[in-house]
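In my numbering, the protein residues as written are 911 to 1651. Glycine residues also receive a C-beta, built at the ideal position from the N, C-alpha and C atoms. Everything numeric in this text was worked out from a predicted model, so none of it was measured. Heads up, the thing below is written out as structure tokens.
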């Protein structure tokens, strides 16, 4: 060995302990970083003596156990692996069909042993569909809480997965005096016997925690199907689902339904009866569900139904409403109802259900208990679906504009009466076609909010927005008195009320309840846009935004408040004394709301995530936000999170301009918000005379102008009429007239 090599070896030998020590420290540091849970700032909780103390929640709340949802598939062309990818978080049970050698972990294929076992339990003949019944029993025995049967056709196609809610139904409940639910009116279907006549509004309540035992489609009476048989009836695909109140019926399709555990006894009803008996059976099922406080939730129309069949079944509903159960168990009541109405059914049905109920008990199924959950307080709602009868028979819509416009005839007449007058000179070459808008927000629900009941503005708002927003919902502090607003009789619209502001609060202080109610209605849309009634939406700018993200004000225009000290934070310092009065007026309410969020970080994953985002964005979790709340957009994918958070702020009565921006900060990081800018006129003189200052150039790159008081037009203001007719309407509806000033 050379002298140089000997020297180098000696140096490395002396340094070896240092390298070992560094390696041990690095491994220890890495291991600690991987295993030590991340701590969040202290959350305030109540101690046993009633005092408030700080307790750091050391772990993210454990998620609730996943609901055991099973989709049971019939069809020789069904692929278990493909279905597992389509129905995410569902167990897939294949009754018959194709399965790969390597199955997905959520795939189960029914084997002959299970089929033979069920044959003995059910005592069925070979002609009866025991394979599917065996699949039901298998899923129930393995802990299913939700079952969705589907059929895959011979070409491999299957119905698209609908939105199914495993929890309680918190939306619309049909409470009309009518016994039969008019599904065609609710879903705005094109009725052959009504022509273009618009049905009157249906009566609804908005209730919480209704138990939805079956979610399904219904048969609509007198509905004209589309030209393409694959599309089915022409109905509003965005209309919200509705539950049926006690004593109300509809003709549901039990072969296209989701069943929760309380309704598993009804699973085979569509299998053992003939086609003429199935609709009758659907009425029986609904009557039996009431015994356990359960309901049917209707999610859409599927096939047409003749008026003759519909009227014939009314006598059956009257008979069922008079029936009462005197048995002591649910099973006995089920068999009693079947036996008492055996004249409507084949004699073998009673025997079959006796065997089916025996099989259910054999797999440890517990029949639902008697219950009555129909007496909770509810809010009244007026709802009109998008009427498919109005424009499809009168106008041809352009490419991509698939949603007809409700009120099109009324809007055209109102525009003519308002703008084609001697004292209004329309710009030359103005081209407005309400029936063919240049763009549409088909997948957005526009929620127009009134701070005060200026409902006389609704016709003007309909003319402005309805062609662009087929789905609209008005929300105000009190219900609409039709006698006070006769001009509204020509328009069909949906309306909800958030209640008048309590004494000591400004009108509309809590109008963000409108958004809470709208999300509870659960429209089948991408998201919900809230806009004040005195705000002009720049449709051309909004049309370029994604409907998958939150829309709100730019980050630099949103206040951050150190609420405990009534200071504002700017540039990292919280030493600024604000002139914004709402911090002081709602200090206690805001502190209590934030305290509740902190307390619930231990038990709610939504509260934990919101708490962390608030901490990250504002520097502390007890620093709320403040800002303009007359326009914002919430995507449907955040509905659950928004509803849980907004409930806290509403209960503590936090002012909307604190609640809305703070909730948005809890929902998403500032970088994930699509920023919308607008023109906000604060000068009193300019507000009172907007016709002198409104220019379309001011709206370049902007999403709104605020305020414009449309209710003043109803008072006969000539100047406001000129502004509305010569500038605003051409600006919105004539895409080539935006340079008019």
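Check: Do residue 1573 and residue 1552 have their C-beta atoms within less than 9 Å of each other?
Finding: The count along the chain shown starts at 1 and reaches residue 1573 at position 663. The count along the chain shown starts at 1 and reaches residue 1552 at position 642. It is a contact, given that the beta carbons lie within the stated cut-off.
Next item on the list: Measure from the alpha carbon of residue 1635 to the alpha carbon of each residue in 1443, 1371, 1401, then state which is nearest.
Entry: Looking up residue 1635 in the chain shown gives position 725. Here the closest residue by C-alpha is 1371.
Next item on the list: Go ahead and label residue 1503 buried or exposed: buried means 16 or more other beta carbons lie within 10 angstroms of its beta carbon, across all protein chains shown.
Entry: Numbered from 1 along the chain shown, position 593 holds the residue referred to as residue 1503. When all chains shown are included, residue 1503 counts as buried.
Check: Do the region 1259–1276 and the region 1049–1061 meet, that is, are 3 or more Cβ pairs less than 8 Å apart?
Finding: yes
Notebook entry, point to check: Per DSSP, which one or two residues make a beta bridge with residue 1470?
Noted result: Mapped onto the chain shown, residue 1470 falls at position 560. 1535, per the DSSP bridge assignment.
Checklist line | According to DSSP, residues forming a beta bridge with residue 982 | finding: For the purposes of this step, residue 982 is identified with residue 72 of the chain shown, where counting begins at 1. Looking at the DSSP assignment, residue 982 forms a beta bridge with 1003, 1059.
Checklist line | C-alpha gap between residue 1603 and residue 1596, whole angstroms | finding: For the purposes of this step, residue 1603 is taken as the residue at position 693 of the chain shown. For the purposes of this step, residue 1596 is taken as the residue at position 686 of the chain shown. The straight-line gap from Cα to Cα measures roughly 7 Å.
Notebook entry, point to check: Among 1398, 1025, 996, which has the Cα closest to the Cα of residue 1016?
Noted result: If you number the chain shown from 1, residue 1016 lands on position 106. For the residues 1398, 1025, 996, the minimum Cα distance to residue 1016 belongs to 996.
Next item on the list: Compare the Cα-Cα distances from residue 1365 to each of 1354, 1146, 1097, 1384 and report the closest residue.
Entry: Residue numbering aside, residue 1365 sits at position 455 when the chain shown is read from its first letter. Nearest C-alpha to residue 1365: 1384.
Notebook entry, point to check: Is residue 1235 helix, strand or coil by DSSP?
Noted result: Walking along the chain shown from the start, residue 1235 turns up at place 325. Residue 1235 falls in the coil class under three-state DSSP.
Next item on the list: Look up residue 1491 in the DSSP assignment and give the residues it is bridged to.
Entry: Numbered from 1 along the chain shown, position 581 holds the residue referred to as residue 1491. According to DSSP, which records beta bridges pairwise, residue 1491 is partnered with nothing at all.
Next item on the list: Scan the region 1400–1445 and note each continuous beta strand (DSSP E) run of 3 residues or more that stays entirely inside, going in chain order.
Entry: Qualifying beta strand (DSSP E) stretches, in chain order: 1405–1407, 1437–1442.
Next item on the list: With distances taken Cα to Cα, identify the nearest neighbour of residue 1395 among 1431, 994, 1151, 1624.
Entry: The residue labelled residue 1395 in the question sits at position 485 within the chain shown. In this structure, 1624 is the residue among 1431, 994, 1151, 1624 with its C-alpha nearest to the C-alpha of residue 1395.
Checklist line | Which of helix, strand or coil DSSP assigns to residue 1485 | finding: On the chain shown, position 575 is the one that residue 1485 refers to. Collapsing the DSSP output to three states places residue 1485 in a strand.
Notebook entry, point to check: What are the boundary residues of the beta strand (DSSP E) that includes residue 1362?
Noted result: Position 452 of the chain shown, counted from the start, is the residue given in the question as residue 1362. No beta strand (DSSP E) holds residue 1362; DSSP gives it neither H nor E.
Next item on the list: Give the range of the beta strand (DSSP E) segment to which residue 1169 is assigned.
Entry: Here residue 1169 refers to the residue found at position 259 when the chain shown is read from its first residue. Residues 1162–1170.
Check: So, is residue 1233 buried or exposed, given that buried needs 16 or more other C-beta atoms within 10 angstroms?
Finding: One-based indexing of the chain shown puts residue 1233 at position 323. Exposed, because fewer than 16 other Cβ atoms sit within 10 Å of the Cβ of residue 1233.
Check: Based on the DSSP output, what are the partners of residue 1289 in its beta bridges?
Finding: Here residue 1289 is taken as the residue at index 379 of the chain shown, counted from 1. Looking at the DSSP assignment, residue 1289 forms a beta bridge with 1116.
Notebook entry, point to check: Ends of the alpha helix (DSSP H) at residue 1451?
Noted result: What you label residue 1451 is simply residue 541 of the chain shown in a count that begins at 1. Residue 1451 -> alpha helix (DSSP H) spans 1449–1452.
Check: Buried or exposed: where does residue 1483 fall if 16 or more other Cβ atoms within 10 Å of its Cβ makes it buried?
Finding: Here residue 1483 refers to the residue found at position 573 of the chain shown. The residue is exposed, with fewer than 16 neighbouring Cβ atoms inside 10 Å.
Next item on the list: Return the CA-CA distance between residue 1099 and residue 1522, expressed in angstroms with no decimal places.
Entry: As a working note, residue 1099 is residue 189 in the chain shown. As a working note, residue 1522 is residue 612 in the chain shown. Residue 1099 and residue 1522 have their C-alpha atoms roughly 46 Å apart.
Margin query: Could you tell me which whole beta strand (DSSP E) segments of length 3 or greater appear in the region 1602–1643?
Written below: The qualifying runs are 1614–1616.
Item checked: Counterpart residues of residue 1585 in DSSP-defined beta bridges -> Residue 1585 sits at position 675 when you count from the first residue of the chain shown. Partner(s): 1462.
Check: Whose CA, out of 1226, 979, 1616, 1473, lies closest to the CA of residue 1601?
Finding: On the chain shown, position 691 is the one that residue 1601 refers to. The candidate whose alpha carbon is nearest that of residue 1601 is 1616.
Check: By the 10 Å Cβ neighbour count, where 16 or more other Cβ atoms means buried, how is residue 1209 classified, buried or exposed?
Finding: If you number the chain shown from 1, residue 1209 lands on position 299. Answer is buried; the Cβ neighbour count reaches 16.
Margin query: Please report the straight-line C-alpha distance between residue 1575 and residue 1520, rounded to a whole angstrom.
Written below: Here the question's residue 1575 lines up with position 665 in the chain shown. Here the question's residue 1520 lines up with position 610 in the chain shown. Distance between the alpha carbons of residue 1575 and residue 1520: 7 Å.
Check: residue 1440 to residue 1540, Cα distance in whole Å?
Finding: On the chain shown, position 530 is the one that residue 1440 refers to. On the chain shown, position 630 is the one that residue 1540 refers to. A straight line joining the alpha-carbon of residue 1440 with that of residue 1540 spans about 7 Å.
Margin query: Using the three-state DSSP reduction, which class does residue 1253 fall into: helix, strand or coil?
Written below: Taking the first residue of the chain shown as 1, we reach residue 1253 at position 343. Three-state DSSP puts residue 1253 in a helix.
Check: Pairing CB atoms from the region 1409–1421 with CB atoms from the region 1550–1566, are three or more of them under 8 Å?
Finding: yes
Item checked: Beta-carbon gap between residue 1542 and residue 1461 smaller than 9 Å -> Counting from one through the chain shown, the residue named residue 1542 turns up at place 632. Counting from one through the chain shown, the residue named residue 1461 turns up at place 551. Cβ atoms of residue 1542 and residue 1461: closer than 9 Å.
Item checked: Coarse secondary structure for residue 1206, derived from DSSP in three states -> Taking the chain shown and counting its residues from 1, the one referred to as residue 1206 is at position 296. Strand, per DSSP.
Next item on the list: Check residue 1145 in the structure and name its three-state DSSP category.
Entry: Start at 1 with the first residue of the chain shown, and residue 1145 comes out as number 235. The answer is coil: DSSP assigns residue 1145 none of H, G, I, E or B.
Notebook entry, point to check: Just checking my contact of residue 1150 with residue 1082 at CB under 8 Å: how many whole Å lie between their CB atoms?
Noted result: For the purposes of this step, residue 1150 is taken as residue 240 along the chain shown, with counting starting at 1. For the purposes of this step, residue 1082 is taken as residue 172 along the chain shown, with counting starting at 1. About 6 Å; that satisfies the 8 Å criterion.
Notebook entry, point to check: For residue 1543, which residues does DSSP report across the bridge?
Noted result: Working through the chain shown from its first residue, we reach residue 1543 at position 633. Answer is 1439, 1461, bridged to residue 1543.
Next item on the list: Report back the beta-carbon spacing between residue 1422 and residue 1584 to the nearest angstrom; my notes put them in contact at under 8 Å.
Entry: Taking the first residue of the chain shown as 1, we reach residue 1422 at position 512. Taking the first residue of the chain shown as 1, we reach residue 1584 at position 674. Rounded, the Cβ-Cβ distance is 19 Å, inconsistent with contact.
Notebook entry, point to check: Which same chain residues, not among the five before or five after residue 1211, have their C-beta less than 8 Å away from its C-beta?
Noted result: Residue numbering aside, residue 1211 sits at position 301 when the chain shown is read from its first letter. Excluding positions up to five away in sequence, the list reads 1093, 1094, 1097, 1099, 1127, 1128, 1129, 1130, 1133, 1142, 1143, 1145.
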